[in-house]
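Okay, so here's the structure we're looking at.
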Amino acid sequence: MSVNSGYAVPQARKVKNLIFAGLCLVSVMMGVIILFIVLYGAMHTGITRVSPDFLVKPPSMSNPDKAGVGPALWGSLWIVALTLLFSVPFGIAAAIYLEELTRPSKFKNFVLANISNLAGVPSIIYGILGLAVFVRWLGMGNSILAASLTMSLLVLPTVILVTQESLRMVPRAYREASLALGATKWQTLFRQILPNAFPTILTGIIFSASRAIGETAPLIVVGAVAFIRRAPQDLSSSFTVMPLQIYNWSKEPTADFQRNASAAIVVLLVSLLTLNLIAIVLRNKYRKV
């Protein structure tokens, strides 16, 4: 009886492991299939509209054949660039302080718990916060600066959490060996810890950029314009973004505007896939170094 029960437990565990692995594989395949369906649907309808002129021309509500995504594309690029400029230095500095320069305490645990909670807050809440603080209280108006600061608040918790995890992944032996050889704490941080954590930090930064380029709700709240024919010229300019331009075209009843929306989806998806590919390539490159 004891021999049979001894063989029954490993066999049951093996079956459970196989079932779990199968469910994980099915989940991955579902995600891949959905991605290919979206790509095929967008490319089948809108790939013929994608051209250099489509990328630079302004939109048009009367002549869809001559419309483009120039202002929306430039608006998205401005938003992403300024968002990273504002969020990355503060996010990395905060993560370094919390992970390397402070000792465990109740206050630290409280801060970390709230940062984790902020990473899961719906994006439209950040839009309302940006509207109250940047647009109205600080008087920035419906500008690209107010939108970028709002998006910085959105991605900042993610940057902090990713940087913290990257710092934790650096073996403790690196720290101890550096300090044992006479290096200061700051020299150890900048010459040993950060260079080894940099590939993962860079990946998290690019993934944060991917999220920023695809967000719409907070930008609508802070004043993104649904239709604009000029690209942003400075930080006080009005703006629109690719997701909002896609929505603006997709609600039009004519087939030509639907084709423009599909073409804009292709441009947005290619941009997102390019960012993810850059993250993978840079991560692998710096890990080899």
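In the working numbering, the protein residues as written are 20 to 308. Glycine is no exception: its CB is placed at the ideal position from the N, C-alpha and C atoms.
Is DSSP giving residue i helix, strand or coil here?
i, result
"Phe258", "coil"
"Pro29", "helix"
"Asp378", "Absent from the model: residue 378. The displayed extent of the chain is 20 to 308, so no value can be given."
"Ser106", "helix"
"Ile247", "coil"
"Leu120", "coil"
"Thr64", "helix"
"Leu42", "helix"
"Ser24", "With a pLDDT of 49 at Ser24, under the threshold of 50, the predicted position of this residue should be treated as unreliable, and no value is reported."
"Leu208", "helix"
"Ala86", "coil"
"Ser81", "coil"
"Pro272", "coil"
Do the CB positions of residue i and residue j come within less than 8 Å of each other?
i, j, result
"Ile232", "Val99", "yes"
"Gly110", "Thr182", "yes"
"Val178", "Gly223", "yes"
"Leu208", "Ile115", "yes"
"Thr64", "Ser171", "no"
"Ser162", "Leu254", "yes"
"Pro83", "Leu137", "no"
"Leu301", "Leu180", "no"
When you compare each of the options to residue i by their alpha carbons, which one comes out closest?
i, options, result
"Gln252", "Asn295, Ala132, Pro90 and Asn267", "Pro90"
"Ser167", "Val260, Arg302 and Ala114", "Val260"
"Val75", "Ser81, Asn82, Leu92 and Asp84", "Leu92"
"Gly60", "Ile265, Ser281 and Ser269", "Ser281"
"Gln206", "Ile66, Phe55 and Glu119", "Glu119"
"Ser290", "Thr203, Ile225, Lys270 and Asn303", "Ile225"
"Tyr266", "Lys204, Ser255, Ala236 and Ser185", "Ala236"
"Ile247", "Trp268, Ser229 and Glu234", "Trp268"
"Gly149", "Leu164, Pro83 and Asp72", "Leu164"
"Ala274", "Arg68, Val57 and Leu42", "Arg68"
"Leu117", "Val300, Asn82, Ser185 and Asn161", "Ser185"
"Val241", "Val152, Phe129, Phe105 and Gln30", "Val152"
"Ser70", "Ala86, Ile38 and Leu58", "Ala86"
"Phe258", "Ala112, Trp97, Leu42 and Ser227", "Trp97"
"Phe73", "Phe276, Ile297, Leu296 and Ala298", "Phe276"
Report the rounded CA-to-CA distance for residue i versus residue j, giving the unit in angstroms.
i, j, result
"Ile53", "Val45", "12 Å"
"Thr15", "Val154", "No answer is possible for residue 15: the residues shown for the chain start at 20 and end at 308."
"Ile239", "Leu294", "24 Å"
"Pro78", "Arg249", "9 Å"
"Asn215", "Val286", "34 Å"
"Lys304", "Leu157", "42 Å"
"Ser21", "Lys35", "The predicted position of Ser21 is uncertain, since its pLDDT is 47 and thus under 50; a value taken from the coordinates is nonetheless stated next. Roughly 22 Å between the two C-alpha positions."
"Gly139", "Ala132", "11 Å"
"Ile56", "Asn279", "18 Å"
"Tyr26", "Pro108", "In this predicted model, Tyr26 has a pLDDT of only 48, less than 50, meaning its place in the structure is not dependable; the value taken from the coordinates is given anyway. C-alpha separation (whole angstroms): 56 Å."
"Met48", "Leu288", "19 Å"
"Gln211", "Arg194", "7 Å"
"Pro141", "Ser135", "13 Å"
"Lys270", "Ile143", "21 Å"
"Ser312", "Met80", "Residue 312 is absent from the model: the chain starts at 20 and stops at 308."
"Phe126", "Ala113", "14 Å"
"Ile66", "Val174", "31 Å"
"Gly50", "Gly41", "14 Å"
May I ask which residues mark the beginning and end of the alpha helix (DSSP H) holding residue i?
i, result
"Pro218", "Leu213 to Gly233"
"Ala192", "Arg191 to Ala199"
"Asp72", "Pro71 to Val75"
"Pro176", "Ile163 to Met188"
"Gly160", "Where Gly160 is concerned, there is no enclosing alpha helix (DSSP H), given that its DSSP letter is neither H nor E."
"Leu150", "Element bounds for Leu150: n/a, residue is neither H nor E."
"Val241", "Ala236 to Val241"
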